[in-house]
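As structure tokens, the structure follows; a few thoughts come after it.
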């Protein structure tokens, strides 16, 4: 049964396939799109895990850096992924599901609970948190507010928490590799380093796959 290699968009997939290292991804990994944003990513990940019977999932794509010390074009894995935006309010007035006293999931049979943060599979370079949001930061001020809410957050994106929720419910380990294509809140695409970010993420993904084979 193949393992599942998820990429949010066709643009990211095409960039990855141009990276020479991508030719070394084993045939046992099924490379597929999960779609853009939390809703599509959850639906597609759940569908494909069930259909394939996948026992491992790797999510790869670009992200906006929330830490100015991290070089654009680099990539990393994370210790955990957190959800920003589910709850009430927005901006500085936002209160998360957990702050409201709610779990995002409470299993009726097992009693398992999932809150606003999900631990990810650990690898030697994993550190900090990845923030998943329905909408990326529109400007630097929004990025600053997001970092204040999540002081150990290193990057923001729009799919990771959804895929992590699905993997947790399916009891499947998940690794997220994100290439830092831009500073969070910088919407000037000509400043972005997409190709370098995807290339770096692909190299890390292959190290993880080779090490776990």
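In my numbering, the protein residues as written are 4 to 216. No residue lacks a Cβ here, since even glycine has one placed at the ideal position from N, Cα and C.
Residue i by DSSP, collapsed to three states: which one?
i	result
residue 184	strand
residue 6	strand
residue 2	Residue 2 lies beyond the stretch modelled for the chain, which goes from 4 to 216, so this question has no answer here.
residue 84	strand
residue 94	helix
residue 158	strand
residue 1	In the structure as shown, the chain begins at 4 and stops at 216. Residue 1 is therefore absent and cannot be evaluated.
residue 35	strand
Grab the span of the alpha helix (DSSP H) containing residue i for me, first residue to last.
i	result
residue 147	143 to 152
residue 213	197 to 215
residue 129	Unbroken run through residue 129: none, as it is neither H nor E.
residue 163	163 to 173
residue 49	41 to 55
Would you call residue i buried or exposed, if buried means 16 or more other Cβ atoms sit within 10 Å of its Cβ?
i	result
residue 42	exposed
residue 11	buried
residue 6	buried
residue 141	exposed
residue 72	exposed
How big is the Cα-Cα spacing for residue i and residue j?
i	j	result
residue 183	residue 103	32 Å
residue 80	residue 135	14 Å
residue 14	residue 8	15 Å
residue 131	residue 22	27 Å
residue 3	residue 147	For the chain, the structure presents residues 4 to 216; residue 3 sits outside this window and is missing.
residue 168	residue 86	10 Å
residue 67	residue 101	24 Å
residue 203	residue 24	10 Å
residue 29	residue 63	15 Å
residue 112	residue 172	12 Å
residue 116	residue 193	42 Å
residue 120	residue 27	32 Å
residue 46	residue 185	27 Å
residue 166	residue 174	12 Å
residue 40	residue 178	18 Å
residue 93	residue 198	32 Å
Along the beta strand (DSSP E) that carries residue i, what are the first and last residues, could you check?
i	result
residue 136	132 to 136
residue 123	Taken as a continuous stretch (DSSP letters only), residue 123 belongs to no beta strand (DSSP E), as it is neither H nor E.
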